[in-house]
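Residue numbers (the working numbering): 752 to 925.
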């Protein structure tokens with residue numbers, strides 16, 4: 752069981768690193784667009800469109816890693832209570848709810864990507880990007896988020912900490 756949990760963690764980490772590369776790609780595209788407009792009076796017609804696709808994929812591909820490392824924004828009123836049993840129970844029910852939401856989201860986004868593929872949908876711009884590529888990236892991120900949420904639930908059920916404690920300490924602001 753621990754092997755499966757660690758495998759999902761590693762895949763989530765790899766997706767998070769890919770999300771970082773997508774953000775770097777956004778920066779490169781926007782800088783190139785600004786430089787081309789400034790010095791050559793030329794616009795890169797694809798820069799804004801690709802940047803939007805990269806952003807959507809980066810958000811979803813980075814979500815599972817963010818969940819694992821406790822980097823998401825959350826209200827910790829009940830989970831930091833003095834009563835450990837109340838904290839654990841509220842964490843459990845919040846995670847069960849999260850599993851339901853993320854599984855539905857993953858299902859809907861996989862269906863959306865599949866429809867883009869079967870219909871051969873393209874963007875309405877001059878570039879005519881096949882929409883299966885950005886929608887698939889978003890769907891993969893949503894599936895990884897759902898898997899990471901399920902892993903979180905399993906960790907709560909077996910008594911393991913649901914968040915990566917080492918990562919939480921290294922990212923915490925004090």
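C-beta atoms are modelled at their ideal positions from N, C-alpha and C, and glycine is treated no differently.
{"Item": "Heavy atom of the ligand ZN within 7 Å of residue 864 beta-carbon", "Value": "No copy of the ligand ZN occurs in the structure displayed, which carries no ligand at all."}
{"Item": "Cβ neighbour criterion (16 or more within 10 Å) applied to residue 815", "Value": "buried"}
{"Item": "Helix, strand or coil at residue 820 according to DSSP, with G and I counted as helix", "Value": "coil"}
{"Item": "Straight-line gap, residue 872 to residue 796 (C-alpha atoms, nearest Å)", "Value": "19 Å"}
{"Item": "Within the segment 824-897, ranges of the alpha helix (DSSP H) (whole runs, at least 4 residues)", "Value": "835-870"}
{"Item": "CB contact flag (residue 770, residue 783, <8 Å)", "Value": "no"}
{"Item": "Residue 833 burial status per 10 Å Cβ neighbour count (16 or more: buried)", "Value": "exposed"}
{"Item": "Residue 796: first and last residue of the uninterrupted alpha helix (DSSP H) it sits in", "Value": "Where residue 796 is concerned, there is no enclosing alpha helix (DSSP H), given that its DSSP letter is neither H nor E."}
{"Item": "For residue 910, three-class secondary structure by DSSP", "Value": "coil"}
{"Item": "Option in 908, 753, 851, 867 with minimal Cα separation from residue 894", "Value": "851"}
{"Item": "Local Cβ density within 10 Å of residue 804, reported as buried at 16 or more and exposed below that", "Value": "buried"}
{"Item": "Three-state class that DSSP yields for residue 900 in the structure shown", "Value": "helix"}
{"Item": "Distance, residue 845 Cα to residue 836 Cα", "Value": "14 Å"}
{"Item": "The segment 858-867 touching the segment 887-905, judged by at least three CB pairs closer than 8 Å", "Value": "yes"}
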